[in-house]
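Going down the list, the protein sequences come from chains A and B.
Note that my numbering has the first sequence beginning at 2, numbered continuously upward.
Note that my numbering has the second sequence beginning at 2, numbered continuously upward.
Protein chains: 2
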Amino acid sequence: MKLNGKTHLVLSGLLALALAGCSSTPTTSTSPSPASPSSTPVEELHSAVEKLSGNPLPSWNDGPAKQAIINFVKATTEKGSPQFVAPEDRIAAFDQDGTTWVEHPMYSQLQFMLNRVRTLSPQHPEWSSKPLFRGMLIGDAEAIGKATESDFDALDAATQVKMPVDDFHSLAKSWMATAKHPKFERPYTELVYQPMLEVMKYLRDNGYRVYIVTGGGQEFVRTYSERVYGVAPEQVIGSAVETQFEYDKDRKAILTRKPKLLLYNDKGGKAQNILLFLGKRPHAAFGNSAGDQQMLEYTQGVGGASLEMLVLHDDSDREYAYGPAQGLPDTHFGKFTQELYDEAKGKGWTVISMKNDWKRIFAWEK
Amino acid sequence: MKLNGKTHLVLSGLLALALAGCSSTPTTSTSPSPASPSSTPVEELHSAVEKLSGNPLPSWNDGPAKQAIINFVKATTEKGSPQFVAPEDRIAAFDQDGTTWVEHPMYSQLQFMLNRVRTLSPQHPEWSSKPLFRGMLIGDAEAIGKATESDFDALDAATQVKMPVDDFHSLAKSWMATAKHPKFERPYTELVYQPMLEVMKYLRDNGYRVYIVTGGGQEFVRTYSERVYGVAPEQVIGSAVETQFEYDKDRKAILTRKPKLLLYNDKGGKAQNILLFLGKRPHAAFGNSAGDQQMLEYTQGVGGASLEMLVLHDDSDREYAYGPAQGLPDTHFGKFTQELYDEAKGKGWTVISMKNDWKRIFAWEK
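#1: Could you tell me which chain B residues have their CB closer than 7 Å to the CB of Gly387 of chain A, listed as they occur along the chain?
#2: Would a check of beta-carbon distances place Lys281 of chain B closer than 8 Å to chain A?
#3: Flag this pair as yes or no: are the beta carbons of Val166 of chain B and Leu256 of chain B separated by less than 8 Å?
#4: If you measure from the beta carbon of Arg1 of chain B to each beta carbon in chain A, is any gap under 8 Å?
#5: May I ask you to list, following chain order, the residues of the stretch 276-301 of chain A that have a beta carbon less than 7 Å from some beta carbon of chain B?
#6: Taking the alpha-carbon positions, what's the Thr8 of chain A to Thr332 of chain A distance?
#7: Taking only beta-carbon atoms, is Val214 of chain A less than 8 Å away from chain B?
#8: According to DSSP, is Leu192 of chain B helix, strand or coil?
#9: When the Cβ atoms of the stretch 208-215 of chain B are set against those of the stretch 238-258 of chain B, are three or more pairs found closer than 8 Å?
#10: Would you say Val352 of chain A faces chain B, with C-beta separation under 8 Å as the test?
#11: Do we get a CB-CB distance below 8 Å when we pair Asn97 of chain B with the residues of chain A?
#12: Let me know the secondary structure DSSP gives Lys259 of chain B once reduced to three states.
#13: Given Ser37 of chain A, which residues of its chain have a CB within under 6 Å of its CB, disregarding the five upstream and five downstream residues?
#14: Name the two residues that bound the continuous beta strand (DSSP E) containing Gly280 of chain B.
#15: Decide if Lys75 of chain A is buried, meaning its Cβ has at least 16 other Cβ atoms within 10 Å, or exposed.
#16: Determine whether the Cβ of Ala241 of chain A lies closer than 8 Å to any Cβ atom of chain B.
#17: Buried or exposed: where does Tyr248 of chain B fall if 16 or more other Cβ atoms within 10 Å of its Cβ makes it buried?
#18: Taking 8 Å as the CB-CB limit, is Arg223 of chain B close to chain A?
#19: Under 8 Å between C-beta atoms, does Glu235 of chain B make it to chain A?
#20: Does any CB atom of chain C fall closer than 8 Å to the CB of Ala94 of chain B?
#21: With burial defined as no fewer than 16 other Cβ atoms inside 10 Å of the residue's Cβ, what is the status of Phe73 of chain A: buried or exposed?
#22: Report the neighbours of Gln273 of chain A on chain B: residues whose CB is nearer than 8 Å to its CB, in chain order.
#23: Using the beta-carbon count (16 or more within 10 Å), is Thr149 of chain B buried or exposed?
#24: How would you call Gly288 of chain A, buried or exposed, if buried means at least 16 neighbouring beta carbons within 10 angstroms?
#25: Would Lys253 of chain B pass as an interface residue toward chain A - the criterion being a Cβ-Cβ separation below 8 Å?
#26: If contacts are defined as beta-carbon pairs under 8 Å, then Tyr342 of chain A and Ala322 of chain A qualify, I think. What distance do you get, rounded to the angstrom?
#27: Per DSSP, which one or two residues make a beta bridge with Val242 of chain A?
#28: What did DSSP end up calling Leu311 of chain B once you bin it into helix, strand or coil?
#29: I'd like to know whether the C-beta of Val166 of chain B is nearer than 8 Å to at least one C-beta of chain A.
#30: For Gly218 of chain A, does the three-state DSSP call read helix, strand or coil?
#31: So, helix, strand or coil for Phe337 of chain B, using DSSP?
#32: Any idea what DSSP makes of Thr351 of chain B, helix, strand or coil?
#33: Could you please tell me which residues of the stretch 185-197 of chain A, in chain order, have their CB closer than 8 Å to any CB of chain B?
#34: Does the CB of Glu220 of chain B have a neighbour CB from chain A at under 8 Å?
#35: Work out the CA separation of Lys131 of chain B and Ala144 of chain B for me, nearest whole Å.
#36: Just to confirm, are Ala233 of chain B and Glu227 of chain A a CB contact at a threshold of 8 Å?
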């Protein structure tokens with residue numbers, strides 16, 4: 002998802018791991034199947050909450066995590082509360098991968114890039130002589146691990162950039178409409194966490210503006226954020242490449258995606274880009290990995306009440322289990338380190354146990 | 002306002018011109034005067050419009066400009082209109098300097114920088130041996146014109162960057178509270194155009210989200226945008242420097258302004274940054290200079306109804322007159338070229354004559 006030298010190296014590692022782990026699982030349906038459900042998760046959420054009025058978080062088990070959310074909302078929005086937050090300052094930031102939807106066995110956008118290579122390869126016979134492309138096509142992790150930066154520039158150019166923004170939106174939408182997750186065999190857009198949708202709605206109902214602040218590609222996420230999360234495109238902050246103002250053959254103004262990273266939205270970049278987009282700090286932030294640490298620290302410095310939460314994936318039965326915090330298996334996607342766990346405990350952040358705190362993970366369960 | 006090499010050169014020219022033209026006019030009150038009016042322009046607007054209900058644009062004379070605004074709003078918001086625009090797509094973009102407030106004799110932020118140098122000079126005796134700083138202090142345009150890029154790096158570092166963002170906000174607010182415009186002898190925040198405030202409100206009342214898209218500094222404008230325009234900080238898109246996530250001595254997370262330009266929000270950059278912030282095109286755009294051309298072209302390409310307007314400063318009695326379009330005097334601040342004028346006429350954009358279309362320019366008139 003990141004296109005500069007440093008992140009090429011990260012991507013290289015991720016691709017190698019991903020292919021080593023799941024190269025034999027085809028994950029995209031090639032038929033034009035009507036993958037969209039008849040009602041969206043947001044709509045399902047609406048009716049679920051209405052049925053259970055009085056409980057804004059029906060998919061949460063009673064416990065400290067649910068209570069922390071309710072306490073925060075009441076403290077910051079009830080008139081007369083000493084911790085009241087003015088409506089214009091009610092901002093909540095949610096990481097996406099691993100926080101609001103599934104990020105294993107690999108980020109969905111990485112799967113999008115892999116599939117772009119597979120789709121385009123018949124038009125590019127020359128790729129068979131390029132180790133990176135060939136490695137991706139046959140699932141050779143070792144070959145991918147050896148790829149150079151210029152190999153990755155070529156991958157970027159082939160899959161995500163050097164095209165008008167509108168074309169990229171179309172590609173992303175089209176892929177998302179047919180791609181399916183290898184474990185759950187459902188569209189990625191159905192793999193959102195119902196408890197987090199409820200938190201988003203609960204916050205919005207209390208005057209908060211909800212932002213997605215993701216390491217993923219901003220324009221990629223914007224193609225489905227409204228439908229899946231009820232989050233408008235302008236409330237998505239993500240990694241972004243530069244664009245170039247140009248004229249097409251009819252002299253119409255267009256923007257073209259350039260192979261140059263503008264915003265790297267991870268770690269300190271999340272705080273920096275929240276400032277860039279909002280000009281102020283959030284009062285609530287939700288994440289699940291070391292890449293979210295600085296966003297939570299920045300949020301806690303807001304002055305006044307704040308809420309910081311981290312999702313711990315400790316449920317291998319219903320979703321996945323990884324850490325390495327608390328002795329959970331290590332991972333390269335969404336690493337939750339023991340250091341982060343200890344910081345959370347030390348600073349009063351809330352760690353959400355997926356296993357214990359979430360009564361239901363997906364809208365379609367049961 | 003721009004900090005890279007290219008714009009240093011621009012800035013150099015602007016400073017030289019500004020000092021040549023007005024080096025003898027002290028423009029900042031040093032007393033801590035209560036410069037804020039008891040009611041803001043936005044509040045004054047509210048009551049004015051309420052008094053004249055039925056006419057959402059009371060400061061506009063009847064004519065093609067006023068009619069274009071009303072036609073656009075009706076066409077895009079009335080149910081059943083063939084040009085109806087969905088509420089989520091109702092976005093309007095306003096340039097600031099010269100479009101929503103006075104930009105002559107120089108941009109207010111440039112005045113802020115000049116005054117920063119004057120304020121700080123007693124602590125920097127070494128500046129007297131630096132041609133740029135000395136030139137600014139004594140108003141020597143020629144010396145400023147000869148300044149090197151490293152001189153301007155030093156100016157940036159001394160006035161706007163290498164400090165926590167919160168400190169910059171404080172400096173900008175403090176300056177704005179006391180600075181006065183040399184011609185009108187009022188705070189800059191009172192020099193907003195009443196007709197444009199009315200358009201902003203009229204658009205908002207009809208479901209549009211109003212953005213300021215300025216070549217000026219984003220964090221500078223955000224310190225007053227809500228109070229002056231009713232535009233929230235997150236709806237200000239401007240030129241921006243990079244920031245750096247850091248910890249202060251108490252291990253609190255802070256962001257520090259770096260001397261490196263991240264977003265240059267002028268010309269094609271305006272279109273690029275609208276995409277970056279919003280993920281879509283506006284349906285209405287307002288500007289006044291060649292720096293706004295691409296934003297208007299990008300808006301016109303939205304597909305469906307759109308409104309593009311340019312303010313022509315042709316009123317030397319009530320404000321200023323400059324072009325060089327239509328034989329008006331040339332200028333280095335907010336140049337409205339004849340080419341832009343001809344493009345406007347050719348593409349169906351509306352040129353607003355300040356002299357003929359605006360019944361009243363400022364809220365405090367009469």
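In this text, a Cβ means the ideal position worked out from N, Cα and C, and glycines have one as well.
Taking the definition as stated:
#1: This structure cannot speak to residue 387 of chain A, because chain A is shown only from 2 to 367.
#2: For the purposes of this step, residue 281 of chain B is identified with residue 280 of the second sequence, where counting begins at 1. For Lys281 of chain B, the answer is yes, since a Cβ of chain A falls inside 8 Å of its Cβ.
#3: Position 165 of the second sequence, counted from the first residue, corresponds to residue 166 of chain B. Position 255 of the second sequence, counted from the first residue, corresponds to residue 256 of chain B. Yes; because the gap between Cβ atoms is below 8 Å, this pair is in contact.
#4: Given that chain B is displayed from residue 2 to residue 367, the structure contains no residue 1 of chain B and the question cannot be resolved.
#5: Within the stretch 276-301 of chain A, Leu276, Leu277, Phe278, Leu279, Gly280, Lys281, Gln295, Glu298, Tyr299 place their CB atoms closer than 7 Å to a CB of chain B, listed in sequence order.
#6: Within the first sequence, residue 8 of chain A is the residue found at index 7, counting from 1. Within the first sequence, residue 332 of chain A is the residue found at index 331, counting from 1. Any reading at Thr8 of chain A needs caution, since the residue's pLDDT is 49, under 50, leaving its predicted position unreliable; the model's value is listed next. Between Thr8 of chain A and Thr332 of chain A, the C-alpha separation is close to 17 Å.
#7: Sequence index remark: in the first sequence, residue 214 of chain A carries index 213 (1-based). It does not; no Cβ of chain B falls within 8 Å.
#8: Sequence index remark: in the second sequence, residue 192 of chain B carries index 191 (1-based). Here Leu192 of chain B carries a coil assignment [DSSP, helix/strand/coil].
#9: The stretch 208-215 of chain B vs the stretch 238-258 of chain B: in contact.
#10: As a working note, residue 352 of chain A is residue 351 in the first sequence. Val352 of chain A does not count as touching chain B.
#11: As a first step, residue 97 of chain B must be located in the second sequence, where it is residue number 96. Just to set this straight, residue 97 of chain B is Gln in the shown sequence, not Asn. Not an interface residue.
#12: As a position in the second sequence, residue 259 of chain B is number 258, starting the count at 1. In the structure shown, the three-state DSSP call for Lys259 of chain B is strand.
#13: As a working mapping, residue 37 of chain A is identified with position 36 in the first sequence. Summary for Ser37 of chain A: the model assigns pLDDT 37, below 50, so the residue's position carries little reliability; its value from the coordinates is reported in the next sentence. Nothing meets the Cβ criterion.
#14: Here residue 280 of chain B is taken as the residue at index 279 of the second sequence, counted from 1. Per DSSP, Gly280 of chain B belongs to no beta strand (DSSP E) and is neither H nor E.
#15: Taking the first sequence and counting its residues from 1, the one referred to as residue 75 of chain A is at position 74. By the neighbour-count rule (16 or more Cβ atoms within 10 Å), Lys75 of chain A is not buried but exposed.
#16: As a first step, residue 241 of chain A must be located in the first sequence, where it is residue number 240. Closer than 8 Å to some Cβ of chain B, the Cβ of Ala241 of chain A qualifies, so yes.
#17: Taking the first residue of the second sequence as position 1, residue 248 of chain B is located at position 247. It is exposed - the Cβ of Tyr248 of chain B has fewer than 16 other Cβ atoms within 10 Å.
#18: Working through the second sequence from its first residue, we reach residue 223 of chain B at position 222. Closer than 8 Å to some Cβ of chain A, the Cβ of Arg223 of chain B qualifies, so yes.
#19: As a first step, residue 235 of chain B must be located in the second sequence, where it is residue number 234. Yes, Glu235 of chain B counts as interfacial toward chain A.
#20: The structure shown has no chain C; the protein chains it does contain are A and B.
#21: As a working note, residue 73 of chain A is residue 72 in the first sequence. Around the Cβ of Phe73 of chain A, a 10 Å sphere holds 16 or more other Cβ atoms; the residue is buried.
#22: Counting from 1 along the first sequence, the entry for residue 273 of chain A is found at position 272. Against chain B, the beta carbon of Gln273 of chain A has neighbours under 8 Å at Glu243, Thr244, Gln245, Phe246, Leu256, listed in chain order.
#23: Locating residue 149 of chain B in the second sequence gives position 148, counting from the first residue. By the neighbour-count rule (16 or more Cβ atoms within 10 Å), Thr149 of chain B is not buried but exposed.
#24: By one-based count along the first sequence, residue 288 of chain A stands at place 287. Buried, because 16 or more other Cβ atoms sit within 10 Å of the Cβ of Gly288 of chain A.
#25: Position 252 of the second sequence, counted from the first residue, corresponds to residue 253 of chain B. Closer than 8 Å: yes.
#26: Along the first sequence, read from residue 1 onward, the residue named residue 342 of chain A stands at position 341. Along the first sequence, read from residue 1 onward, the residue named residue 322 of chain A stands at position 321. Not quite, the Cβ-Cβ distance comes to about 14 Å (not below 8 Å), so this is no contact.
#27: In the first sequence, counting from the first residue as 1, residue 242 of chain A sits at position 241. For Val242 of chain A, the beta-bridge partners assigned by DSSP are A:Leu262.
#28: Taking the second sequence and counting its residues from 1, one reaches residue 311 of chain B at position 310. Shown here, Leu311 of chain B sits in a strand according to DSSP, grouped into three states.
#29: Position 165 of the second sequence, counted from the start, is the residue given in the question as residue 166 of chain B. Taking 8 Å as the threshold, the shortest C-beta distance from Val166 of chain B to chain A falls below it.
#30: Residue numbering aside, residue 218 of chain A sits at position 217 when the first sequence is read from its first letter. Judged by DSSP in its simplified three-state form, Gly218 of chain A adopts strand.
#31: Numbered from 1 along the second sequence, position 336 holds the residue referred to as residue 337 of chain B. In this structure, Phe337 of chain B counts as strand in the three-state DSSP scheme.
#32: By 1-based counting over the second sequence, the position of residue 351 of chain B is 350. In the structure shown, Thr351 of chain B sits in a strand (DSSP, three-state: E or B).
#33: Against chain B - using a Cβ distance shorter than 8 Å - the stretch 185-197 of chain A contributes no residues.
#34: Along the second sequence, read from residue 1 onward, the residue named residue 220 of chain B stands at position 219. Yes, its Cβ sits closer than 8 Å to a Cβ of chain A.
#35: Counting from 1 along the second sequence, the entry for residue 144 of chain B is found at position 143. Counting from 1 along the second sequence, the entry for residue 131 of chain B is found at position 130. Those two C-alpha atoms are separated by around 10 Å.
#36: For this step, residue 233 of chain B is matched to residue 232 along the second sequence. For this step, residue 227 of chain A is matched to residue 226 along the first sequence. By the CB criterion at 8 Å, Ala233 of chain B and Glu227 of chain A fall outside the cutoff.
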